[in-house]
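Presented below is the structure to which this report refers.
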Amino acid sequence: MIDWRLEASIDFRRSTNAPIYQRHLYLEEDGQFRADLGTWERELLEQELAKPDRVAWLRNLDRKSWSLEIPYQTGGDIRPLFPDLVMVRQQNTADGDEPSYLFDILEPHDPSRSDNFEKAIGLARFAEHHGHLFGRIQLLRKDSNGHFQRLEMNDSSICKQVLLVTSNPQLDALFDAHGLVC
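According to my numbering, the sequence shown is numbered sequentially starting from 249.
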């Protein structure tokens, strides 16, 4: 069980001229959602929302009462990881019953950051214990061609390999060998 509850409304800071995005879980009074997203977040969101089964999303901000928080260990300390995006996917049933919904955790992360492998391990541990509650749990980065590469922590073989990583070069090798490009 994880302690994560979505609230009736959220506080969200943005610039006055922030771009409008569609299908966010929370809307402003005018029925729109505006946010200042980084380049990777914006590109990933566009890619995700282009798929017909993506019905909603959440920009998961740091340290809010409503934020999804995943612990990771660095230098002996436990720190919080706030994955950037939570996507909601609709899953239709074969028999025509009511559709179900899956929550996907997506964390685009710059591979040059020193905490990369530690956050990957945190996501893998989270997937080990709570993966059954989510659809995809992915760490993403861009490859040399500018495409997103994804490591799927809800794939038990990937998860096990990530848990053995002790450095960023080892994580780089995992991305090279098993990163899904899409």
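By construction, the Cβ of each residue, glycine as well, lies at the ideal position given by its N, Cα and C atoms.
If you're wondering where the values come from, they're calculated on a predicted model, not measured in any experiment.
query, result
"Own chain residues within Cβ distance below 8 Å of residue 370, not counting five before or after", "318, 319, 320, 321 and 329"
"Outcome for residue 367 when other beta-carbon atoms lying within 10 angstroms are tallied against a minimum of 16", "buried"
"Under 9 Å between C-beta atoms of residue 386 and residue 398", "yes"
"Identity of the residues DSSP links to residue 339 by a beta bridge", "348"
"Residue 330 - DSSP class collapsed to helix/strand/coil", "coil"
"Check whether residue 241 and residue 402 have beta carbons under 9 Å apart", "Residue 241 falls outside the range modelled here, since the chain spans only 249 to 430, and no answer is possible."
"Given residue 325 as reference, the closest of 265, 363, 391 and 406 once Cα atoms are compared", "363"
"Own chain residues within Cβ distance below 6 Å of residue 296, not counting five before or after", "302 and 335"
"Separation of residue 355 from residue 400, as counted between CA atoms", "11 Å"
"Straight-line gap, residue 257 to residue 315 (C-alpha atoms, nearest Å)", "12 Å"
"Three-state class that DSSP yields for residue 395 in the structure shown", "coil"
"CB contact flag (residue 405, residue 365, <9 Å)", "no"
"For residue 321, the first and last residue of its enclosing beta strand (DSSP E)", "318-322"
"7 Å Cβ shell around residue 263 - same chain, five flanking residues per side excluded", "284"
"Contact under 9 Å by Cβ, residue 332 with residue 307", "yes"
"Complete beta strand (DSSP E) runs within the stretch 267-304 (minimum length 3 residues, chain order)", "none"
"Span of the alpha helix (DSSP H), counted from its first residue to its last, around residue 390", "Here residue 390 belongs to no alpha helix (DSSP H); instead the beta strand (DSSP E) covers 385-390."
"Cβ-Cβ distance between residue 266 and residue 282 below 9 Å", "yes"
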